[in-house]
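Following numbering that gives the first Met the number 0, the numbering of the sequence shown begins with 0 at its first residue and continues without gaps.
Built from N, CA and C at the ideal position, the CB exists for glycine as well.
Every value quoted in this text rests on a predicted model; they were computed, and no experiment measured them.
Heads up, the thing below is written out as structure tokens.
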Amino acid sequence: MPTNLLRSLPNLHRAGRHMGITSVCSAHPQVIRAALMLGKELDRDVLIEATCNQVNQDGGYTGMTPHTFRIFVEGIAAEIGYDTRRLILGGDHLGPNPWKHLSAEKALKKAEVMVAAYAAAGFEKIHLDCSMGCANEPLALNDEATASRAARLAAIAETEAIKEPVYVIGTEVPVPGGALEEVEHLEITSPLSAKATVDVHRRAFAAKGLEKAFERAVGLVVQPGVEFGNQNVVSYKPESASDLSASLDELPGFVFEAHSTDYQTPAGLRALVRDGFSILKVGPGLTFAVREALYGLDAIAAELDGEPLSLKPTMEALMLSQPDHWAKYYPGSAAEQALQRHYSYSDRVRYYWTTSEAQAAVASLMARLGSQSLPETLISQFLGAAWPEVREGRTAPTAEALARTAISRVLRNYADACSPADDA
0 MPTNLLRSLP NLHRAGRHMG ITSVCSAHPQ VIRAALMLGK ELDRDVLIEA
50 TCNQVNQDGG YTGMTPHTFR IFVEGIAAEI GYDTRRLILG GDHLGPNPWK
100 HLSAEKALKK AEVMVAAYAA AGFEKIHLDC SMGCANEPLA LNDEATASRA
150 ARLAAIAETE AIKEPVYVIG TEVPVPGGAL EEVEHLEITS PLSAKATVDV
200 HRRAFAAKGL EKAFERAVGL VVQPGVEFGN QNVVSYKPES ASDLSASLDE
250 LPGFVFEAHS TDYQTPAGLR ALVRDGFSIL KVGPGLTFAV REALYGLDAI
300 AAELDGEPLS LKPTMEALML SQPDHWAKYY PGSAAEQALQ RHYSYSDRVR
350 YYWTTSEAQA AVASLMARLG SQSLPETLIS QFLGAAWPEV REGRTAPTAE
400 ALARTAISRV LRNYADACSP ADDA
């Protein structure tokens, strides 16, 4: 395994080595713990990213700044003994998006402060995304304006960074927040568009004297034909993205970054890495696994002690009392919205796990089950994916182990895709 895998990916791909890296986009402590534990087990770098809306100088929706997010992640690493020298922190969609309701100049000033905070906190991977319009601007900007604003933010990162940044450029549709309803058609990025994005950013960086910084741009965000909506997943079709994949031959120094790879099959993930989509971003798919496991454990607890379900009713009441995170994303009837609140692929229940009410409900559930061995038959009924692992002795039949392995099961699919046996 090469040192500094992220920076090595373009050369590895050009050498025919089908290596990749998983970008874990989550602030959920159990997701981060599972990612670091797997990284320790496999002796690999771990890339954890925060988005502009999630973590910023104002706290974002997590209440964390880049500095406090680093402390949060490194605290978990210290608890499990993961070497933080192998930890890569990234900032995703860094740009004016959280403040796009303001004028462009005011929003960019805020974005400058945010990028400075990420760079000063030692975030190494910086995804610059200035594609969205601000007040009185078009919804999406042209390439020249996007690149010019990205270069402006890169200049700030170069000044404030305590670690030499690695840049990712470009964006994908939809913007941060995810797709709405069912995804029926995706327009795969054309090779011409990919090359144009790189060229226009190269010129914009050069105009600010940032040629050396651009040499550290290793990733280009593209749409390879993968996405998920509330109720469906669009699977990767290599034949549809073959021209885009082949265009990497004309983009030395770059690999592609694929967003919204959640819920792709293991074969699909392997094919993405093989075809040069070497940075695989995943977020909701991991917290979806958290929710599945916790709801399954809640059902097991109800069977064991005869008491009613506790966790789902708590989360339902919480989401109904604070609808901002889901209401505009879940159209339809009241019944359809109720289903989506808990079982949507976009997993907007993830925004509520950090609340005191949710944390208390989870703690109560785990205390209710304790460290007892849960019946295999109930694990089969309510946590079916874990049943073979329990039967084979790979997972202990306890609530804590079952919750943890629900996340690591997803992460292992990514780990396997990013380091195939013949490339390990």
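Within the chosen definition, does the stretch 392-406 reach the stretch 279-299 through at least 3 CB pairs nearer than 8 Å? Under the three-pair Cβ rule at 8 Å, the stretch 392-406 counts as touching the stretch 279-299.
Which runs of the alpha helix (DSSP H) spanning at least 4 residues fall entirely within the stretch 11-86, listed in chain order? 28-41, 65-79
Under DSSP, the beta strand (DSSP E) around Leu139 begins and ends at which residues? On the sequence shown, residue 139 is found 140 positions in, with the first residue counted as 1. First, the residue type needs correcting, since residue 139 is Ala and not Leu in the sequence shown. No beta strand (DSSP E) contains Ala139, which DSSP labels as neither H nor E.
Measuring CB to CB, does Ala416 end up less than 8 Å from Val220? Taking the sequence shown and counting its residues from 1, the one referred to as residue 416 is at position 417. Taking the sequence shown and counting its residues from 1, the one referred to as residue 220 is at position 221. Against a cut-off of 8 Å, the Cβ pair of Val220 and Ala416 comes out as no contact.
So, for Ser343: in the same chain, excluding its five sequence neighbours on each side, which residues have a beta-carbon less than 6 Å away from its beta-carbon? The residue you call residue 343 lines up with position 344 of the sequence shown. These residues qualify, in order along the chain: Asn229.
Buried or exposed for Glu210, going by 16 or more other Cβ atoms inside 10 Å? As a working note, residue 210 is residue 211 in the sequence shown. Glu210 should be labelled exposed.
Between Thr21 and Leu303, is the Cβ-Cβ spacing less than 8 Å? Residue numbering aside, residue 21 sits at position 22 when the sequence shown is read from its first letter. Residue numbering aside, residue 303 sits at position 304 when the sequence shown is read from its first letter. No, they are not a contact pair.
When you compare each of Lys327, Gly305, Trp352 to Lys311 by their alpha carbons, which one comes out closest? By 1-based counting over the sequence shown, the position of residue 311 is 312. The residue with the shortest Cα to Cα distance from Lys311 is Trp352.
For Phe255, the first and last residue of its enclosing beta strand (DSSP E): Residue 255 sits at position 256 when you count from the first residue of the sequence shown. Here the beta strand (DSSP E) through Phe255 covers 254-257.
Given this structure, state the Cα-to-Cα distance separating Pro322 from Gln336, to the nearest angstrom. Position 323 of the sequence shown, counted from the first residue, corresponds to residue 322. Position 337 of the sequence shown, counted from the first residue, corresponds to residue 336. Those two C-alpha atoms are separated by around 11 Å.
Roughly how far, in whole angstroms, is the beta-carbon of Leu152 from the beta-carbon of Val114, given that I think they are within contact range, below 8 Å? On the sequence shown, position 153 is the one that residue 152 refers to. On the sequence shown, position 115 is the one that residue 114 refers to. Going by Cβ atoms, the distance from Leu152 to Val114 rounds to 5 Å, so yes, they are a contact pair.
Among Ser189, Arg269, Gln53, whose alpha-carbon lies nearest the alpha-carbon of Ala62? Here residue 62 corresponds to residue number 63 of the sequence shown, with the count starting at 1. Here the sequence assigns Gly to residue 62, which means Ala is not the residue at that position. The candidate whose alpha carbon is nearest that of Gly62 is Gln53.
In this structure, does DSSP put Lys236 in helix, strand or coil? As a first step, residue 236 must be located in the sequence shown, where it is residue number 237. Of the three classes helix, strand and coil, the one that applies to Lys236 here is coil, per DSSP.
Can you tell me the Cα-Cα spacing of Ala154 and Ser372, whole angstroms? On the sequence shown, position 155 is the one that residue 154 refers to. On the sequence shown, position 373 is the one that residue 372 refers to. About 56 Å.
Can you have a look at Ile79 and say buried or exposed, based on whether 16 or more other CB atoms are within 10 angstroms of its CB? Mapped onto the sequence shown, residue 79 falls at position 80. Label assigned to Ile79: exposed.
In the DSSP output, what is Ala216 paired with across the bridge? Translated into the one-based positions of the sequence shown, residue 216 becomes position 217. In DSSP, Ala216 forms a bridge with Tyr166.
By DSSP's criteria, Leu279 is part of a beta bridge. Which residues make up the other side? Residue 279 sits at position 280 when you count from the first residue of the sequence shown. Looking at the DSSP assignment, Leu279 forms a beta bridge with Thr21, Ala257.
Alpha carbon to alpha carbon, what distance is there between Ala193 and Glu399? As a working note, residue 399 is residue 400 in the sequence shown. As a working note, residue 193 is residue 194 in the sequence shown. Cα to Cα, the separation comes out at about 45 Å.
Applying the 10 Å Cβ sphere with the 16-neighbour rule, what's the burial state of Leu86? The residue labelled residue 86 in the question sits at position 87 within the sequence shown. It is buried - the Cβ of Leu86 has at least 16 other Cβ atoms within 10 Å.
What beta strand (DSSP E) runs, 3 residues minimum, are completely inside the stretch 84-132? 86-93, 124-127
Are Ala203 and Ser246 close, meaning C-beta to C-beta below 8 Å? As a working note, residue 203 is residue 204 in the sequence shown. As a working note, residue 246 is residue 247 in the sequence shown. Note that the C-beta distance between Ala203 and Ser246 is not below 8 Å.
Local Cβ density within 10 Å of Arg349, reported as buried at 16 or more and exposed below that: Numbered from its first residue, the sequence shown carries residue 349 at position 350. It is buried - the Cβ of Arg349 has at least 16 other Cβ atoms within 10 Å.
Can you name the start and end residues of the alpha helix (DSSP H) that Trp386 belongs to? The count along the sequence shown starts at 1 and reaches residue 386 at position 387. Run containing Trp386: 386-390, per the alpha helix (DSSP H) assignment.
What is the DSSP secondary structure of Val225, counted as helix, strand or coil? If you number the sequence shown from 1, residue 225 lands on position 226. Coil at Val225, not helix or strand.
Under three-state DSSP, which class holds Asp346? Position 347 of the sequence shown, counting from 1, holds the residue named residue 346. Asp346 falls in the coil class under three-state DSSP.
Are there 16 or more other CB atoms within 10 angstroms of the CB of Leu410, so buried, or fewer, so exposed? Residue mapping note: residue 410 aligns to position 411 of the sequence shown, counting from 1. The residue in question, Leu410, is buried, as its Cβ has 16 or more Cβ neighbours within 10 Å.
CA-CA distance, Pro175 and Leu368? The residue you call residue 175 lines up with position 176 of the sequence shown. The residue you call residue 368 lines up with position 369 of the sequence shown. With a pLDDT of 48 at Pro175, under the threshold of 50, the predicted position of this residue should be treated as unreliable, and no value is reported.
Which of helix, strand or coil does DSSP assign to Pro265? Position 266 of the sequence shown, counted from the start, is the residue given in the question as residue 265. Pro265 falls in the helix class under three-state DSSP.
Could you work out which residue in Asp91, Ala34, Pro97 is closest to Ile75 when comparing CA atoms only? Within the sequence shown, numbered from 1, the residue matching residue 75 stands at position 76. Considering only alpha carbons, the answer is Ala34.
Taking the alpha carbon of Ile161 as the reference point, which residue from Glu238, Leu308, Ala106, Tyr117 has its own alpha carbon closest? Taking the sequence shown and counting its residues from 1, one reaches residue 161 at position 162. Residue Tyr117 is the option with its Cα nearest to Ile161.
Once you ignore the five residues that flank Tyr329 on each side, which residues in its own chain have a CB closer than 8 Å to its CB? On the sequence shown, position 330 is the one that residue 329 refers to. Here the set comprises Asn229, Glu335, Gln336, Gln339, Arg340, Ser343, Arg347.
Which residues in the same chain have their Cβ closer than 7 Å to the Cβ of Ala384, if we skip the five residues on either side of it in sequence? As a first step, residue 384 is located in the sequence shown; it is residue number 385 there, counting from the start. Within its own chain, the residues whose Cβ lies closer than 7 Å to the Cβ of Ala384, once the five positions on either side in sequence are excluded, are Arg408, listed in chain order.
Could you check if Asp297 is buried or exposed, using at least 16 other CB atoms within 10 Å of its CB as the buried criterion? On the sequence shown, position 298 is the one that residue 297 refers to. Result: buried.
Where Asp304 falls: helix, strand or coil (DSSP): Along the sequence shown, read from residue 1 onward, the residue named residue 304 stands at position 305. Reduced to three states, the DSSP call for Asp304 is helix.
Does the separation of the CB atoms of Asp198 and Ser244 fall below 8 Å? Here the question's residue 198 lines up with position 199 in the sequence shown. Here the question's residue 244 lines up with position 245 in the sequence shown. Contact: no.
Just the Cα atoms here: how many angstroms apart are Arg215 and Ala150? Here residue 215 refers to the residue found at position 216 when the sequence shown is read from its first residue. Here residue 150 refers to the residue found at position 151 when the sequence shown is read from its first residue. Taking the straight line from one Cα to the other gives about 13 Å.
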